[in-house]
Amino acid sequence: MIMKECEIPLKVHMIEALMRRLPPDHARQPILNLDIKKIKAGYSGEYRVLSTLNALPEKEYLLFHDLRLIGSPFPFQMDILILTSYFLLIIEVKNMAGEIYFDNTFNQLIRTNTDGKTEAFDDPILQVNRQRQQLLEWLKSKKIINIPVETLVVSANSSTIIRAENRDINRKVIRKDSIFIKIGEFKEKYKKKILSTRDMKRISTLLLDEHTPYIPKLLESYGIPINSLQTGVYCHKCYAFSMERRLRKWICRICLHSSHDAHISALQDYVCLVKPTITNSEFRQFLQLKSPSSAKKLLTSLKLNHSGHTKGRVYSLRSIIEDRTK
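In short: position in the sequence shown from 1, add 6, done, that's the numbering used here.
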(Lines of atoms letter the chains of each structure in order from A and count residues from 1; the text may use other names and numbers.)
(Lines give C-alpha, C1' and ligand atoms only; values in the text may rest on other atoms or scores of the structure.)
Protein backbone atom coordinates (compact mmCIF):
# COMPACT_ATOMS: atom_id res chain seq x y z
CA MET A 1 0.00 0.00 0.00
CA ILE A 2 1.33 3.41 -0.93
CA MET A 3 1.36 5.50 2.25
CA LYS A 4 3.13 8.51 0.72
CA GLU A 5 2.28 9.05 -2.92
CA CYS A 6 4.70 9.84 -5.72
CA GLU A 7 4.30 13.59 -6.25
CA ILE A 8 6.09 15.98 -8.58
CA PRO A 9 8.98 17.41 -6.53
CA LEU A 10 8.43 20.85 -5.05
CA LYS A 11 11.66 22.04 -6.67
CA VAL A 12 10.10 21.49 -10.11
CA HIS A 13 7.29 23.93 -9.25
CA MET A 14 9.83 26.36 -7.81
CA ILE A 15 12.04 26.34 -10.90
CA GLU A 16 8.98 26.69 -13.16
CA ALA A 17 7.94 29.73 -11.13
CA LEU A 18 11.43 31.19 -11.42
CA MET A 19 11.61 30.61 -15.20
CA ARG A 20 8.19 32.24 -15.59
CA ARG A 21 9.18 35.30 -13.52
CA LEU A 22 12.52 35.88 -15.27
CA PRO A 23 12.92 37.48 -18.71
CA PRO A 24 13.08 34.82 -21.47
CA ASP A 25 16.63 35.94 -22.37
CA HIS A 26 17.94 35.86 -18.79
CA ALA A 27 21.39 34.23 -18.51
CA ARG A 28 20.14 31.63 -16.02
CA GLN A 29 17.29 30.34 -18.21
CA PRO A 30 19.35 27.59 -19.97
CA ILE A 31 20.70 26.31 -16.63
CA LEU A 32 17.21 26.29 -15.11
CA ASN A 33 15.84 24.43 -18.12
CA LEU A 34 18.58 21.78 -17.84
CA ASP A 35 18.10 21.37 -14.08
CA ILE A 36 14.35 20.94 -14.35
CA LYS A 37 14.82 18.24 -16.98
CA LYS A 38 17.18 16.36 -14.65
CA ILE A 39 14.75 16.56 -11.72
CA LYS A 40 11.83 15.44 -13.88
CA ALA A 41 13.87 12.51 -15.19
CA GLY A 42 14.62 11.43 -11.62
CA TYR A 43 10.97 11.77 -10.66
CA SER A 44 9.91 9.76 -13.72
CA GLY A 45 12.20 6.90 -12.68
CA GLU A 46 10.92 6.93 -9.10
CA TYR A 47 7.33 6.96 -10.35
CA ARG A 48 7.93 3.88 -12.52
CA VAL A 49 9.59 1.96 -9.70
CA LEU A 50 6.88 2.88 -7.18
CA SER A 51 4.16 1.93 -9.67
CA THR A 52 5.81 -1.47 -10.07
CA LEU A 53 6.04 -1.94 -6.30
CA ASN A 54 2.36 -1.12 -5.92
CA ALA A 55 1.65 -4.69 -7.05
CA LEU A 56 2.99 -5.98 -3.71
CA PRO A 57 0.38 -7.24 -1.18
CA GLU A 58 -0.90 -3.99 0.30
CA LYS A 59 -1.31 -5.24 3.87
CA GLU A 60 2.23 -6.62 4.02
CA TYR A 61 4.17 -3.80 2.35
CA LEU A 62 3.83 -0.10 3.13
CA LEU A 63 5.45 2.17 0.53
CA PHE A 64 6.74 5.72 1.06
CA HIS A 65 8.04 8.01 -1.68
CA ASP A 66 10.56 10.79 -1.13
CA LEU A 67 10.68 10.76 2.67
CA ARG A 68 12.94 13.35 4.29
CA LEU A 69 13.61 12.95 7.99
CA ILE A 70 15.57 15.08 10.44
CA GLY A 71 18.45 12.85 11.45
CA SER A 72 21.85 13.23 13.03
CA PRO A 73 24.05 14.99 12.08
CA PHE A 74 21.88 16.23 9.18
CA PRO A 75 18.54 15.50 7.45
CA PHE A 76 18.39 12.58 5.04
CA GLN A 77 16.11 11.81 2.12
CA MET A 78 15.11 8.41 0.73
CA ASP A 79 13.68 7.92 -2.76
CA ILE A 80 11.54 4.95 -1.70
CA LEU A 81 11.17 3.23 1.68
CA ILE A 82 9.38 -0.11 2.09
CA LEU A 83 8.14 -1.07 5.55
CA THR A 84 7.29 -4.70 6.33
CA SER A 85 6.86 -6.70 9.53
CA TYR A 86 10.20 -8.42 8.85
CA PHE A 87 12.52 -5.78 7.43
CA LEU A 88 12.79 -2.29 5.96
CA LEU A 89 14.14 -1.62 2.49
CA ILE A 90 15.59 1.68 1.24
CA ILE A 91 15.66 2.08 -2.54
CA GLU A 92 17.80 4.63 -4.35
CA VAL A 93 16.48 5.06 -7.90
CA LYS A 94 18.65 5.98 -10.87
CA ASN A 95 17.09 6.88 -14.19
CA MET A 96 20.03 7.38 -16.53
CA ALA A 97 20.25 6.71 -20.24
CA GLY A 98 23.36 5.31 -21.89
CA GLU A 99 25.96 3.39 -19.88
CA ILE A 100 26.71 3.62 -16.16
CA TYR A 101 29.90 2.30 -14.61
CA PHE A 102 30.45 1.73 -10.88
CA ASP A 103 34.04 2.71 -10.13
CA ASN A 104 35.05 1.15 -6.80
CA THR A 105 38.53 2.69 -6.89
CA PHE A 106 37.27 6.25 -6.52
CA ASN A 107 33.75 5.47 -5.29
CA GLN A 108 31.96 7.19 -8.12
CA LEU A 109 29.36 6.49 -10.75
CA ILE A 110 30.44 7.30 -14.29
CA ARG A 111 27.73 7.83 -16.90
CA THR A 112 28.43 7.83 -20.62
CA ASN A 113 25.62 9.35 -22.69
CA THR A 114 24.51 8.02 -26.04
CA ASP A 115 26.47 10.89 -27.63
CA GLY A 116 29.66 9.79 -25.85
CA LYS A 117 29.74 12.51 -23.19
CA THR A 118 31.07 11.30 -19.82
CA GLU A 119 29.94 12.58 -16.40
CA ALA A 120 30.83 11.57 -12.84
CA PHE A 121 28.33 11.30 -9.97
CA ASP A 122 28.44 10.34 -6.31
CA ASP A 123 28.36 6.59 -5.73
CA PRO A 124 24.66 5.72 -5.13
CA ILE A 125 25.67 2.61 -3.15
CA LEU A 126 27.51 4.79 -0.64
CA GLN A 127 24.56 7.21 -0.65
CA VAL A 128 22.00 4.56 0.22
CA ASN A 129 24.32 3.04 2.84
CA ARG A 130 24.52 6.44 4.57
CA GLN A 131 20.74 6.65 4.45
CA ARG A 132 20.57 3.22 6.08
CA GLN A 133 22.82 4.29 8.94
CA GLN A 134 20.84 7.46 9.51
CA LEU A 135 17.53 5.59 9.39
CA LEU A 136 18.81 3.13 11.99
CA GLU A 137 19.77 6.04 14.23
CA TRP A 138 16.37 7.67 13.67
CA LEU A 139 14.56 4.43 14.52
CA LYS A 140 16.69 4.04 17.64
CA SER A 141 15.71 7.54 18.76
CA LYS A 142 12.07 6.42 18.51
CA LYS A 143 12.76 3.29 20.58
CA ILE A 144 12.43 1.07 17.50
CA ILE A 145 15.26 -1.45 17.48
CA ASN A 146 16.22 -4.86 16.10
CA ILE A 147 14.52 -4.30 12.75
CA PRO A 148 16.81 -5.14 9.79
CA VAL A 149 17.30 -2.43 7.16
CA GLU A 150 18.32 -3.46 3.63
CA THR A 151 19.32 -1.25 0.70
CA LEU A 152 19.11 -1.38 -3.08
CA VAL A 153 20.06 0.80 -6.02
CA VAL A 154 17.49 0.32 -8.79
CA SER A 155 18.00 1.33 -12.42
CA ALA A 156 14.62 2.47 -13.73
CA ASN A 157 15.69 2.78 -17.37
CA SER A 158 15.44 -0.55 -19.17
CA SER A 159 17.88 0.57 -21.87
CA THR A 160 20.69 1.45 -19.45
CA ILE A 161 23.87 -0.62 -19.71
CA ILE A 162 25.30 -1.36 -16.24
CA ARG A 163 28.98 -2.15 -15.77
CA ALA A 164 31.14 -2.56 -12.66
CA GLU A 165 34.60 -3.62 -11.49
CA ASN A 166 33.15 -5.70 -8.68
CA ARG A 167 31.19 -8.74 -9.80
CA ASP A 168 29.26 -8.71 -6.50
CA ILE A 169 27.68 -5.39 -7.47
CA ASN A 170 24.48 -7.22 -8.43
CA ARG A 171 23.77 -7.76 -4.74
CA LYS A 172 23.22 -4.02 -4.36
CA VAL A 173 22.39 -2.81 -7.89
CA ILE A 174 19.52 -4.23 -9.94
CA ARG A 175 17.22 -3.39 -12.81
CA LYS A 176 13.63 -2.43 -12.11
CA ASP A 177 12.30 -5.71 -13.55
CA SER A 178 14.32 -7.72 -10.99
CA ILE A 179 12.93 -5.96 -7.96
CA PHE A 180 10.39 -8.63 -6.98
CA ILE A 181 13.07 -11.31 -7.16
CA LYS A 182 15.24 -9.31 -4.78
CA ILE A 183 12.39 -8.63 -2.37
CA GLY A 184 11.66 -12.36 -2.40
CA GLU A 185 15.27 -13.00 -1.37
CA PHE A 186 14.92 -10.59 1.55
CA LYS A 187 11.70 -12.31 2.56
CA GLU A 188 13.53 -15.66 2.64
CA LYS A 189 16.39 -14.13 4.59
CA TYR A 190 14.22 -12.54 7.28
CA LYS A 191 11.59 -15.03 8.41
CA LYS A 192 11.15 -13.78 11.96
CA LYS A 193 8.26 -11.35 12.33
CA ILE A 194 9.44 -8.35 14.33
CA LEU A 195 6.69 -5.76 13.90
CA SER A 196 3.01 -6.33 14.59
CA THR A 197 0.31 -4.68 12.50
CA ARG A 198 -0.06 -2.13 15.29
CA ASP A 199 3.71 -1.46 15.25
CA MET A 200 3.63 -0.91 11.49
CA LYS A 201 0.80 1.59 11.81
CA ARG A 202 2.67 3.44 14.57
CA ILE A 203 5.90 3.62 12.57
CA SER A 204 4.00 4.65 9.45
CA THR A 205 2.36 7.52 11.33
CA LEU A 206 5.73 8.57 12.75
CA LEU A 207 7.34 8.60 9.31
CA LEU A 208 4.56 10.70 7.80
CA ASP A 209 4.37 13.10 10.74
CA GLU A 210 8.13 13.69 10.77
CA HIS A 211 8.53 14.04 7.02
CA THR A 212 10.10 17.47 6.50
CA PRO A 213 10.15 18.67 2.88
CA TYR A 214 13.26 20.53 1.78
CA ILE A 215 12.49 24.04 0.54
CA PRO A 216 15.63 25.39 -1.17
CA LYS A 217 16.46 29.08 -1.33
CA LEU A 218 16.30 29.15 -5.10
CA LEU A 219 17.28 32.76 -5.75
CA GLU A 220 20.31 32.39 -3.52
CA SER A 221 21.44 29.08 -5.01
CA TYR A 222 21.26 30.46 -8.57
CA GLY A 223 22.67 33.87 -7.64
CA ILE A 224 19.60 35.78 -8.82
CA PRO A 225 18.65 39.06 -7.08
CA ILE A 226 15.02 39.42 -6.10
CA ASN A 227 14.64 42.58 -8.18
CA SER A 228 15.17 40.46 -11.31
CA LEU A 229 11.72 38.91 -10.83
CA GLN A 230 8.77 40.09 -12.87
CA THR A 231 5.96 41.16 -10.53
CA GLY A 232 2.25 41.15 -11.31
CA VAL A 233 -0.46 38.57 -11.94
CA TYR A 234 0.10 36.07 -14.73
CA CYS A 235 -2.48 35.51 -17.47
CA HIS A 236 -2.81 31.80 -18.24
CA LYS A 237 -4.23 32.55 -21.69
CA CYS A 238 -1.75 34.97 -23.26
CA TYR A 239 1.13 34.23 -20.83
CA ALA A 240 1.80 37.82 -19.85
CA PHE A 241 1.91 39.52 -16.45
CA SER A 242 -1.01 41.66 -17.51
CA MET A 243 -3.89 40.92 -15.14
CA GLU A 244 -5.58 43.86 -13.41
CA ARG A 245 -8.11 43.83 -10.58
CA ARG A 246 -11.46 45.19 -11.78
CA LEU A 247 -14.98 44.64 -10.47
CA ARG A 248 -13.95 41.85 -8.08
CA LYS A 249 -12.11 39.81 -10.68
CA TRP A 250 -8.84 39.77 -12.59
CA ILE A 251 -8.98 40.90 -16.22
CA CYS A 252 -6.11 40.73 -18.69
CA ARG A 253 -5.52 44.10 -20.29
CA ILE A 254 -4.09 42.37 -23.39
CA CYS A 255 -6.48 39.51 -24.23
CA LEU A 256 -9.35 40.37 -21.80
CA HIS A 257 -9.26 36.89 -20.24
CA SER A 258 -10.87 37.01 -16.79
CA SER A 259 -10.32 35.03 -13.60
CA HIS A 260 -11.59 35.11 -10.05
CA ASP A 261 -8.56 33.41 -8.49
CA ALA A 262 -5.51 34.40 -10.56
CA HIS A 263 -3.97 35.87 -7.39
CA ILE A 264 -3.53 32.36 -5.99
CA SER A 265 -0.97 31.33 -8.61
CA ALA A 266 0.84 34.63 -8.00
CA LEU A 267 1.00 33.83 -4.30
CA GLN A 268 2.29 30.34 -5.11
CA ASP A 269 5.10 31.95 -7.11
CA TYR A 270 5.81 34.28 -4.20
CA VAL A 271 6.14 31.53 -1.61
CA CYS A 272 8.28 29.46 -4.00
CA LEU A 273 10.70 32.30 -4.69
CA VAL A 274 10.57 34.84 -1.89
CA LYS A 275 9.41 33.60 1.53
CA PRO A 276 6.61 31.63 3.24
CA THR A 277 4.90 34.67 4.77
CA ILE A 278 3.47 37.89 3.35
CA THR A 279 2.03 41.20 4.55
CA ASN A 280 -0.64 43.33 2.91
CA SER A 281 2.04 45.70 1.63
CA GLU A 282 4.18 42.88 0.19
CA PHE A 283 1.07 41.34 -1.38
CA ARG A 284 0.22 44.61 -3.14
CA GLN A 285 3.79 45.13 -4.31
CA PHE A 286 4.21 41.63 -5.76
CA LEU A 287 0.79 41.54 -7.43
CA GLN A 288 0.91 45.21 -8.51
CA LEU A 289 -2.32 45.89 -6.65
CA LYS A 290 -3.01 49.47 -5.54
CA SER A 291 -5.87 49.09 -3.07
CA PRO A 292 -5.01 47.99 0.51
CA SER A 293 -8.68 47.13 1.12
CA SER A 294 -8.83 44.88 -1.96
CA ALA A 295 -5.63 43.18 -0.85
CA LYS A 296 -7.08 42.59 2.61
CA LYS A 297 -10.27 41.10 1.18
CA LEU A 298 -8.33 38.73 -1.08
CA LEU A 299 -5.99 37.60 1.72
CA THR A 300 -8.90 37.17 4.14
CA SER A 301 -10.85 35.11 1.59
CA LEU A 302 -8.01 32.57 1.49
CA LYS A 303 -8.45 31.89 5.22
CA LEU A 304 -4.70 31.88 5.82
CA ASN A 305 -3.23 31.49 9.28
CA HIS A 306 -1.93 34.85 10.46
CA SER A 307 -0.39 36.72 13.36
CA GLY A 308 -0.42 40.38 14.35
CA HIS A 309 -3.03 43.04 13.78
CA THR A 310 -3.88 45.78 11.26
CA LYS A 311 -0.78 46.94 9.33
CA GLY A 312 1.47 44.52 11.22
CA ARG A 313 -0.51 41.41 10.23
CA VAL A 314 1.60 38.64 8.68
CA TYR A 315 -0.06 35.84 6.70
CA SER A 316 1.35 32.31 6.49
CA LEU A 317 1.45 30.86 2.96
CA ARG A 318 2.11 27.27 4.05
CA SER A 319 -1.27 26.08 2.73
CA ILE A 320 -0.56 27.82 -0.58
CA ILE A 321 2.67 25.90 -1.14
CA GLU A 322 0.98 22.64 -0.12
CA ASP A 323 -1.70 23.24 -2.76
CA ARG A 324 1.02 23.82 -5.38
CA THR A 325 2.41 20.29 -4.85
CA LYS A 326 -0.95 18.54 -5.28
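Even glycine gets a Cβ: it sits at the ideal position worked out from N, Cα and C. Please read all numbers here as calculations on a predicted model, not as lab measurements.
C-alpha of Leu75 to C-alpha of Gln83: approximately 6 angstroms in a straight line. Taking the Cα of Cys12 as reference, the smallest distance to any Cα among Leu308, Leu87, Lys123, Lys44 is reached at Leu87. Excluding sequence positions up to five before and after Pro81, its CB lies within less than 8 angstroms of the CB of Arg74, Leu75, Thr218, Tyr220, all in the same chain and listed in chain order. The residue among Arg319, Lys296, Lys193, Lys303 with its C-alpha nearest the C-alpha of Pro63 is Lys193. Here Ile21 carries a helix assignment [DSSP, helix/strand/coil]. DSSP lists Tyr321 as the beta-bridge partner residues of His312. From the listed residues Glu250, Arg254, Ser271, Ala272, the smallest Cα separation to Leu262 is found for Glu250. Judged by their CB atoms, Thr237 and Phe292 are nearer to each other than the 8 angstroms cut-off. For Leu224 and Ile96, the gap between their C-alpha atoms comes out near 28 angstroms. Tyr276 sits close to Ile284, with the two beta carbons spaced by under 8 angstroms.
Per DSSP, Cys261 lies in no alpha helix (DSSP H) and is assigned neither H nor E.
Bounds of the alpha helix (DSSP H) holding Ile270 are 268 to 279. Between the alpha carbons of Leu115 and Thr211 lies a distance of about 35 angstroms.
Judged by DSSP secondary structure, Phe82 falls within the beta strand (DSSP E) whose first and last residues are 82 to 89. With fewer than 16 other Cβ atoms inside 10 Å of its own Cβ, Pro231 counts as exposed.
In the structure shown, Gln236 falls within a coil segment according to DSSP collapsed to helix, strand and coil. By the Cβ rule, the region 168 to 175 counts as touching the region 109 to 126, because three or more pairs are nearer than 8 angstroms.
Assigned with DSSP and collapsed to three states, Leu62 falls in coil, not helix or strand. Exclusion of the five residues before and after Arg27 leaves Leu235, Gln236, Asp275, Leu279 as the residues of its chain whose Cβ lies within less than 7 angstroms of its Cβ.
Shortest Cα-Cα distance from Lys182 to any of Gly77, Leu56, Ala23 involves Leu56.
Under the three-state reduction of DSSP, Met102 is assigned to coil, being neither helix nor strand. A direct Cα-to-Cα measurement between Leu40 and Arg324 gives close to 28 angstroms. Separation of the CB atoms of Glu156 and Phe93 is rounded to 6 angstroms, and the pair is thereby assigned contact status at 8 angstroms. Measuring C-alpha to C-alpha distances from Lys199 to each of Asp215, Phe247, Ile153 identifies Ile153 as the nearest.
Setting aside the 5 residues that flank it on each side, Trp144 is surrounded in the same chain by Leu75, Gly77, each with a C-beta closer than 6 angstroms to its C-beta; the list follows chain order. Residue pairing by DSSP places Ser265 opposite Trp256 in a beta bridge. When rounded, the separation of the alpha-carbon atoms in Asp72 and Glu22 is 20 angstroms.
Around the beta carbon of Tyr67, a 10 Å sphere encloses 16 or more other beta carbons of the protein chains shown; the residue is thus reported as buried. For Gln291, the three-state secondary structure derived from DSSP is helix. Residue environment analysis places Glu226 among the exposed positions, since fewer than 16 neighbouring C-beta atoms fall within 10 angstroms of its C-beta.
Ile131: member of the alpha helix (DSSP H) spanning 130 to 147, first to last residue.
In its chain, beyond the 5 residues on either side, no residue has a beta carbon closer than 6 angstroms to the beta carbon of Ile151.
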